[in-house]
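Asks: Quick one: the structure is below, and I'll ask about it shortly.
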Amino acid sequence: MFTPITILIALIAISIILIVILIVHPSVTATRGGKILAFVAILVLPIVSGGFGVSEHLQRSKTTEFCLSCHVMEDYGKSLHIDDRSFIPAVHYQNNLVPRENACFTCHTDYTMYGDFNAKLRGLKHVYVQYLGKPAQPIKLYTPYNNRECLHCHQGSRSFEENETHTKEPDRLQKMKMNQLSCSTTDCHNIVHRVDQLKDQTFWKEAGK
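59 is the number of the first residue of the sequence shown in this note's numbering; add one for each residue after it.
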């Protein structure tokens, strides 16, 4: 079965072979077919290979495995397995409230028109800091967490709309939807990764692992 990586390698290999043929036998370009071959080898295949490679990398960069591959993120990965329902990332990850294979990206992208693009720009900065700089400690969000990211999944769900805490005040739910009352900085959902508390926690183990 072909994987994206094998397809990319095949495209690059074909491009290299064709370019070598053109270098060794430049007379090939004297014919119309040779000119088409040169156009494909020098322009089309490199562009297709580059575009395919970028697309594949962007998809891979959304994975939890990719996000946690940096040493500085190891403790954040461990926090997803804390056996305590009060830890928001852990309860979402363990109960498949977010897809485990894309857990980090699902919660840390911006659900706006250019959200994915902005997330990728931040990701490039993270890679730069990881290899050429020094990650700040403790790691902090660039901006306060926007309710928009929570509402992307929770808005409209019965458990959210009819929650007793959310509806005990007439305008409380509306304030949350308008981002006037933060979901994550109040006493309700303010326990997130808390990597400084890992040593005091017990951890959940996935079945079969």
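Where is the CB? At the ideal position from N, CA and C, for every residue including glycine.
No experiment lies behind these values; they were computed from the predicted model shown.
Assess contact between the segment 244–262 and the segment 140–160, defined as three or more Cβ pairs (one per stretch) separated by less than 8 Å. Is contact present?
Replies: Yes, the segment 244–262 touches the segment 140–160.
Asks: Which of the three DSSP states is assigned to F261 in this structure?
Replies: Position 203 of the sequence shown holds residue 261. F261: strand per DSSP, three-state reduction.
Asks: Nearest to F110 by alpha carbon, out of L66, A148, Q255?
Replies: If you number the sequence shown from 1, residue 110 lands on position 52. Cα-wise, what sits closest to F110 is L66.
Asks: Indicate whether I146 and H224 have their beta-carbon atoms separated by less than 9 Å.
Replies: Within the sequence shown, residue 146 is the residue found at index 88, counting from 1. Within the sequence shown, residue 224 is the residue found at index 166, counting from 1. In this structure, H224 does not lie closer than 9 Å to I146 by Cβ.
Asks: Who are the near neighbours of R180 in its chain, counting only those whose CB is closer than 8 Å to its CB and skipping five residues on each side?
Replies: Here residue 180 corresponds to residue number 122 of the sequence shown, with the count starting at 1. Contacts found: Y200.
Asks: For C241, which residues in the same chain have their Cβ closer than 7 Å to its Cβ, ignoring the five residues on either side in sequence?
Replies: Here residue 241 refers to the residue found at position 183 of the sequence shown. The residues are N205, C208, M234, H247.
Asks: Here's the rule I'm using: 16 or more other beta-carbon atoms within 10 Å means buried, otherwise exposed. How should I140 be labelled?
Replies: Numbered from its first residue, the sequence shown carries residue 140 at position 82. By the neighbour-count rule (16 or more Cβ atoms within 10 Å), I140 is buried.
Asks: According to DSSP, what are the bridge partners of I75?
Replies: Taking the first residue of the sequence shown as 1, we reach residue 75 at position 17. Per DSSP, none; premise fails for I75.
Asks: Flag this pair as yes or no: are the beta carbons of F218 and H210 separated by less than 9 Å?
Replies: For the purposes of this step, residue 218 is taken as residue 160 along the sequence shown, with counting starting at 1. For the purposes of this step, residue 210 is taken as residue 152 along the sequence shown, with counting starting at 1. Not a contact, by the Cβ cut-off of 9 Å.
Asks: Which residues share a DSSP beta bridge with I140?
Replies: Taking the first residue of the sequence shown as 1, we reach residue 140 at position 82. According to DSSP, which records beta bridges pairwise, I140 is partnered with F261.
Asks: Near K120, which residues of its chain fall below 6 Å by C-beta distance, leaving aside the five closest residues on each side in sequence?
Replies: Within the sequence shown, residue 120 is the residue found at index 62, counting from 1. So the list reads N160, F163, once near-sequence residues are dropped.
Asks: Which whole-angstrom value is the C-beta distance of T122 and R158, which I expect to be below 8 Å?
Replies: For the purposes of this step, residue 122 is identified with residue 64 of the sequence shown, where counting begins at 1. For the purposes of this step, residue 158 is identified with residue 100 of the sequence shown, where counting begins at 1. Between R158 and T122 the Cβ distance is about 6 Å, and since that is below 8 Å, they are a contact.
Asks: Near Y186, which residues of its chain fall below 8 Å by C-beta distance, leaving aside the five closest residues on each side in sequence?
Replies: Taking the sequence shown and counting its residues from 1, one reaches residue 186 at position 128. There are no such residues.
Asks: In the structure shown, what three-state DSSP assignment does V253 receive?
Replies: Taking the sequence shown and counting its residues from 1, one reaches residue 253 at position 195. In this structure, V253 counts as helix in the three-state DSSP scheme.
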